[in-house]
Every structure is written in C-alpha cells, then in structure tokens.
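S.K.: Quick one: structure below, then a few questions.
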Amino acid sequence: MLIFHLGPLASSLFSLLAILALVLSFVMLGSHWLKNHVYAFSAESWVIAAISASIGYYGHYPELYLIAALSALFRGTLLPYLVLRLVKRLNINREFTPLLKPSSSMLLGAALVIFSYEVARRLGIALNLADNIAVLALTCMFSLKLIGFLMMILRSEAISHILGLLVIENGIFLGSQIIVPGMPALLELVIIFDLVTIVMAFGMLVRYLQSHAGTTSSRGLQKLVG
Amino acid sequence: MKDILLQVAQVLTVLLLSPLLHGFIVKMEEKVQRGQGPSILQPYRDLWKLFHKTQLVPETATWVFFAAPVVAFVAMMIVPMLIPVLTNFPLPLSDMGDILGGGLILTLGSFFILLAGLDTGQPFGGLGSSRAVMLGILAEPTLILVFVGITFLDHSMLPFVANHLLAQNPVAYWSPAHIFLIFAFLILLTVETDRLPIHSTIPYEIYMIDEARILEYSGPLLALLKWASWMKQFILYTIFLNVFLFPWGLSMSGDLGSVLLALLIILAKYGAVGLFMVMVDTVQSRLRFYRYQEPLALSFLFAVLAIVADQL
Chain A
1 MLIFHLGPLA SSLFSLLAIL ALVLSFVMLG SHWLKNHVYA FSAESWVIAA
51 ISASIGYYGH YPELYLIAAL SALFRGTLLP YLVLRLVKRL NINREFTPLL
101 KPSSSMLLGA ALVIFSYEVA RRLGIALNLA DNIAVLALTC MFSLKLIGFL
151 MMILRSEAIS HILGLLVIEN GIFLGSQIIV PGMPALLELV IIFDLVTIVM
201 AFGMLVRYLQ SHAGTTSSRG LQKLVG
Chain B
227 MKDILLQVAQ VLTVLLLSPL LHGFIVKMEE KVQRGQGPSI LQPYRDLWKL
277 FHKTQLVPET ATWVFFAAPV VAFVAMMIVP MLIPVLTNFP LPLSDMGDIL
327 GGGLILTLGS FFILLAGLDT GQPFGGLGSS RAVMLGILAE PTLILVFVGI
377 TFLDHSMLPF VANHLLAQNP VAYWSPAHIF LIFAFLILLT VETDRLPIHS
427 TIPYEIYMID EARILEYSGP LLALLKWASW MKQFILYTIF LNVFLFPWGL
477 SMSGDLGSVL LALLIILAKY GAVGLFMVMV DTVQSRLRFY RYQEPLALSF
527 LFAVLAIVAD QL
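For the protein sequence lines, the chains are A and B, in the order given.
Sequence positions in the first sequence follow our numbering and run 1 to 226.
Sequence positions in the second sequence follow our numbering and run 227 to 538.
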C-alpha cells in the first residue's frame, strides 16, 4: 500500500488527475455519440498515463515511465483508433436505444460514486490506510468499474459494450498504479497486450454479427434470425 | 465608523454598478453578432424613463403584485452586506447571516416574483412562473450542495473564511474539490442569470422564462424588478468571483485608496466573466425546455464529486 509519502501539492495533483479520469467516464455516460465515447476514453487513458508517470517521478519507480509511455501509446492511441475504425466501418454514429436518458444515467453514476466512496472508506479504516490518496484511488477504481458495468447494462450496441469493458479495465489499472505502484512491469505489459487482443477479437465478432445478423445491438439480437 | 461606511459602500456598489454590468454584457453580445448595440449606459436611461412613467395596475392584482418588486429589491440589497464585495474582512453586520442565509434571501426574492407572475391570473405570467419553478427545482439542490461543499472545504459557513482560505492556500485552491465547485457554480450562474442555453434571446412570450413573469408590470414597479434582477446577476457574479474563482484583489485595510483599487479590479474581473458569458451565449444553441435537466444534472454531478473529493 502506497509506500512513499506525498507532499501536499503532489497529493493535490494526484487527486485532481484521478478525479479527472472519473469525470471523463461521466462524459462517456452522459453522451450518446459513439465518437465522443471513444475520445473520452482516449483522454482518460492519457490521464492515467500521466498518473503513472507522476507516480514514477515522485516515488522513484523508473519502470513506471515505460508503463506510462506504453499505456499512452496503446490505450490512448491504438485502442481508440481501432474502435473508431470499427465505428466508421459499421456506420453507427450514436446509441439509439438507451434504457435511461443521459441525465438520469449521470445521476445514477453519481449515486454509484457515493456508494464506492463509502466502500473505499470502510476498506481504508479496515486496512489502516493512513494516506487519503489511497482511499481516493480506491474510490475512483470502484466507481470506474461500476460506471463501466453501468454502461454495459444500459447500452445495447456492441461497441458500447467494448468501451464499457475498457473503462472497467482502466479503473483497475488506475487503482493498481496508485495503490501498488511497484507492481511487476511484466504483468502490466501482459495486461496491455491482452487488451489489444480483446479489441481485435471484439472487432471480428462485431463484423461477423453485422454481416450475419444485420445488427450489432444486443436488443436486436433477441429476435430470432433465420 | 469606517466599517459602517464600507458596508454602505458595498450595498451602493451593487446598487449602482449592476446596470453597468448588464449594459456591458448586452453591448458586447451585439458587438459579437456584428451589430452596433445600445450604449453601455442604456440600462440607467431605461431606469430613469421607467421611474417617470405612470403606474398601471391590472384589475385582478392583489397586494402581492405591489409587494413583490419591493421584496425582491430589498432582498437584493440585504445580500451584499453578507458577502465580500469590496473588503475581504467582515463588516459590522456581516455575521447576521452565513452563505446559506444569503442563498435563502436570494431565493425569497425570486419566490415573490414567482407569486407576482401567478397573481394577476394572466396565462403568460403563469407559464413563466411554472417554467421558472421547474428550473428552480432542478437548480436548488445543486446550489445547496455547492454551499455545503465550500463549507466542508473551509469548515465555516461564512463566505469571508472561504475567501481567505482560497486566497492564501494554493493547495486548497487547486484541489479537485474547489475546481469542481467552480464548474458546478458556473453552470448554476448561467441558469440563475437567465443566460443561454437556458434562455432565449427572442423577445417572444412563448420562449421567455424569467422575463415572462413580469410582463404585467409597468412604470416604477417594473423599474424596481429590472433593477433587482440586474442586482441578482451582480451578486451572483460577486459570489462566484470573490468567493470561488478569484479571491484576490479585495481591499485588505479598508482605506479609501485600497477600496478604489478594489473597485477598479472588480470592474476588470466582472467584465472578464461577462465576456465569458457573452461567449457562452453566442456559441451555445438554445436547448429544448425538457433538456435543461442535462446541464443541471452535470452541475449536480460536479457538486457531488466535489464533496466526495473533499472528504478524502
């Protein structure tokens, strides 16, 4: 658990970056345009890369610089590029069948943030986390995961499901960066390459769906197609 | 003695400069749209003209019709005593209400104008009042949450303490809690001062929200109402700038020179925020009425995030 001690300005910076990642996930929750989702995801990944780099700087973990560069490259650039290509290829611009309106889903997201804050606070008391940054990181991690789940539940397009999955993954990455900064670099690399594989596989699946079933919406798939 | 004079000066500043701010915003809006625009001093001339007109009263009007403008005007004159307008230290009557009390007095003014809109029984007044109430229902929780958030930040309900804390402590100023409070308050500011995307520039009753409530008024009472709404705008700018966004540049000693300097800085920074509002007005397109909950949900979200971030 967060071994090094942080100065007040550094902890302010960390909390700002972590909460910025949280806000960007709310952009994804609040907008119905798929392109906005992808851009917000890309920005969130860059923010997380900035968190990795600054933890590497303040905590003297040089291998984190590599992780930061890789996550900016893969999560921030390559994955959004692949998903954007998918969006363009499928000719889907926006999510047409949301269960809830954007404002209601944002309010639901706010409730989830409060819930995850409560969970993180209890965990912080139970584990004797002295530094508030650790509790903040736990809060952001849990809320990003819950918001990712929310996106997967509320949206029916396959691309939104990919993005929900990626948001969940980003949340885990953010939490692990702050709470266990010395996590073996190899593990992180494996996760990053895993993600590329996931997006590739998803892309193939989506195209298959499009050509055989004529739709990529899970709600459309509930009907029988002969 | 000096403190009492300063307190009077705070109220006078709000009273006398609020038409200027409104005139500046209107002029700049026209300039951006490549028009000439009325003079910056036009609101003063409007007030002068309205105060010299005959007072016409609808037959259906009751005492509420006469009371509302006076209550709104007086409420807007009470609030500047409670907030830092010119000085960053509390003045004799500043502790008679805290930041929440100021918010409640502002709401009292709006409440009476609402009643006045309903009072005469005319359809447009009722329409405007019901719309304004709907916006109020959506905006009020956020307003309270923003005030609660700033209270958590500085552990005090007095706006002067928040001003001191933010001016002197960069860690508090740049903390996510404070930055999100700024965003939440900025959205509230557009709602409460009747700007786009909330309000329409088309002077047509169907699209009006706040203006539709006062269509029945004429003469001196209309002048009071207009002046009160400009003062409300000025007061909200004051809270936004002097408490949240730019807590520097106020008079510390209360000397004549420093007060005049603070006045100049006020002109500059209110002008800057006015220009920002003009930009919002010009760039944003008007939303459908039932989509107003989206910016307000965003503002609520920012306030919640600010409070969560502040607990850590």
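We treat Cβ as the ideally placed atom computed from N, Cα and C, and that holds for glycine.
Predicted, not measured: the structure shown is a model, and the values here were computed from it.
(1) Can you pull the DSSP bridge partners for A:S217?
(2) Report buried or exposed for B:L522, applying the criterion of at least 16 other Cβ atoms within 10 angstroms of its Cβ.
(3) Have a look at B:L527, B:D536, B:V297, B:G480 and flag the residue whose alpha-carbon is nearest the alpha-carbon of B:N314.
(4) Anything in chain B within Cβ reach of A:L102, meaning under 8 Å, just list it in chain order.
(5) Here's the rule I'm using: 16 or more other beta-carbon atoms within 10 Å means buried, otherwise exposed. How should B:W453 be labelled?
(6) Against A:A69, what residues of chain B qualify as contacts under a CB-to-CB distance less than 8 Å, listed in chain order?
(7) With a threshold of 9 Å between beta carbons, is B:I405 in contact with chain A?
(8) Excluding five sequence neighbours on each side, which residues of the same chain lie with their C-beta closer than 6 Å to the C-beta of A:A148?
(9) Is there contact between the segment 490-503 of chain B and the segment 465-478 of chain B, where contact requires at least three CB pairs shorter than 8 Å?
(10) Assign B:I230 to one of two classes, buried (16 or more other C-beta atoms within 10 Å of its C-beta) or exposed (fewer than that).
(11) State the DSSP-derived secondary structure class of A:R94, mapped to helix, strand or coil.
(12) Hey, how far is the Cα of A:R85 from the Cα of A:L24?
(13) For the segment 437-446 of chain B against the segment 372-388 of chain B, do three or more pairs of beta-carbon atoms, one drawn from each stretch, fall closer than 8 Å, so that the two count as touching?
(14) Looking at the unbroken alpha helix (DSSP H) that takes in B:Q236, where does it start and where does it end?
(15) Name the chain B residues that come within less than 7 Å of A:V47, Cβ to Cβ?
(16) So A:I159 and A:I92 are in contact, right, with Cβ under 8 Å, and what is the actual spacing, rounded?
(17) Let's see if you can read the secondary structure: which residues bound the alpha helix (DSSP H) around B:S455?
(18) For A:V206, does the three-state DSSP call read helix, strand or coil?
(19) Can you name the residues of chain B whose CB is closer than 9 Å to the CB of A:M106?
(20) Excluding the 5 residues preceding and the 5 following A:M183 in the sequence, name in chain order all residues of the same chain whose CB lies nearer than 7 Å to its CB.
(21) Between B:S401 and A:Y57, what straight-line distance do the alpha-carbon atoms span, to the nearest angstrom?
(22) Between which residues of its own chain and A:L6 is the CB-CB distance below 8 Å, once the five residues before and five after are set aside?
(23) Taking only the alpha-carbon atoms, compute the straight-line gap between A:S71 and B:M307 and give it to the nearest angstrom.
(24) Please report the straight-line C-alpha distance between A:F173 and A:L205, rounded to a whole angstrom.
(25) I need the boundaries of the alpha helix (DSSP H) containing B:T419, first residue and last residue.
(26) Would A:A110 pass as an interface residue toward chain B - the criterion being a Cβ-Cβ separation below 9 Å?
M.R.: Reading it off the structure:
(1) For the purposes of this step, residue 217 of chain A is identified with residue 217 of the first sequence, where counting begins at 1. For A:S217, the pairing in a beta bridge is given by DSSP as A:E157.
(2) Residue numbering aside, residue 522 of chain B sits at position 296 when the second sequence is read from its first letter. Buried: at least 16 other Cβ atoms inside 10 Å.
(3) Start at 1 with the first residue of the second sequence, and residue 314 of chain B comes out as number 88. The shortest Cα separation from B:N314 among B:L527, B:D536, B:V297, B:G480 belongs to B:G480.
(4) Position 102 of the first sequence, counted from the first residue, corresponds to residue 102 of chain A. A small correction: the amino acid at residue 102 of chain A is Pro; Leu does not occupy that position in the sequence shown. Within chain B, the residues near A:P102 are E520, A523.
(5) Counting from 1 along the second sequence, the entry for residue 453 of chain B is found at position 227. With 16 or more Cβ atoms within 10 Å of its Cβ, B:W453 is classed as buried.
(6) Within the first sequence, residue 69 of chain A is the residue found at index 69, counting from 1. The premise fails here: A:A69 is roughly 25 Å from chain B at the closest Cβ pair, so nothing lies under 8 Å.
(7) In the second sequence, counting from the first residue as 1, residue 405 of chain B sits at position 179. True, the Cβ-Cβ gap to chain A drops below 9 Å.
(8) Position 148 of the first sequence, counted from the start, is the residue given in the question as residue 148 of chain A. Before going on, a small fix: residue 148 of chain A reads as Gly here, not Ala. Same-chain partners within the cutoff: G164, V167, I168.
(9) yes
(10) Counting from one through the second sequence, the residue named residue 230 of chain B turns up at place 4. By the neighbour-count rule (16 or more Cβ atoms within 10 Å), B:I230 is not buried but exposed.
(11) Working through the first sequence from its first residue, we reach residue 94 of chain A at position 94. Here A:R94 sits in strand by DSSP.
(12) Taking the first residue of the first sequence as 1, we reach residue 85 of chain A at position 85. Taking the first residue of the first sequence as 1, we reach residue 24 of chain A at position 24. One C-alpha to the other measures close to 21 Å.
(13) no
(14) Translated into the one-based positions of the second sequence, residue 236 of chain B becomes position 10. Per DSSP, B:Q236 belongs to the alpha helix (DSSP H) from 228-258.
(15) Along the first sequence, one-based indexing puts residue 47 of chain A at 47. Within chain B, no residue comes near A:V47; the closest Cβ sits about 12 Å away, beyond 7 Å.
(16) Your numbering for residue 159 of chain A matches position 159 in the first sequence. Your numbering for residue 92 of chain A matches position 92 in the first sequence. Their Cβ separation, rounded to whole angstroms, is 7 Å, which keeps A:I159 and A:I92 in contact under 8 Å.
(17) Counting from 1 along the second sequence, the entry for residue 455 of chain B is found at position 229. Per DSSP, B:S455 belongs to the alpha helix (DSSP H) from 445-464.
(18) Here the question's residue 206 of chain A lines up with position 206 in the first sequence. A:V206 falls in the helix class under three-state DSSP.
(19) Your numbering for residue 106 of chain A matches position 106 in the first sequence. Neighbours of A:M106 on chain B, chain order: E520, A523, L524, F526, L527.
(20) Working through the first sequence from its first residue, we reach residue 183 of chain A at position 183. Taken in chain order, the residues that qualify are S176.
(21) By 1-based counting over the second sequence, the position of residue 401 of chain B is 175. By 1-based counting over the first sequence, the position of residue 57 of chain A is 57. Roughly 20 Å between the two C-alpha positions.
(22) Residue mapping note: residue 6 of chain A aligns to position 6 of the first sequence, counting from 1. So the list reads F14, Y58, D131, I133, once near-sequence residues are dropped.
(23) Taking the first sequence and counting its residues from 1, the one referred to as residue 71 of chain A is at position 71. Taking the second sequence and counting its residues from 1, the one referred to as residue 307 of chain B is at position 81. The straight-line gap from Cα to Cα measures roughly 53 Å.
(24) For the purposes of this step, residue 173 of chain A is identified with residue 173 of the first sequence, where counting begins at 1. For the purposes of this step, residue 205 of chain A is identified with residue 205 of the first sequence, where counting begins at 1. Counting only the Cα atoms, A:L205 lies some 25 Å from A:F173.
(25) Mapped onto the second sequence, residue 419 of chain B falls at position 193. Unbroken run through B:T419: none, as it is neither H nor E.
(26) Taking the first sequence and counting its residues from 1, one reaches residue 110 of chain A at position 110. Judged by the 9 Å Cβ criterion, A:A110 is in contact with chain B.
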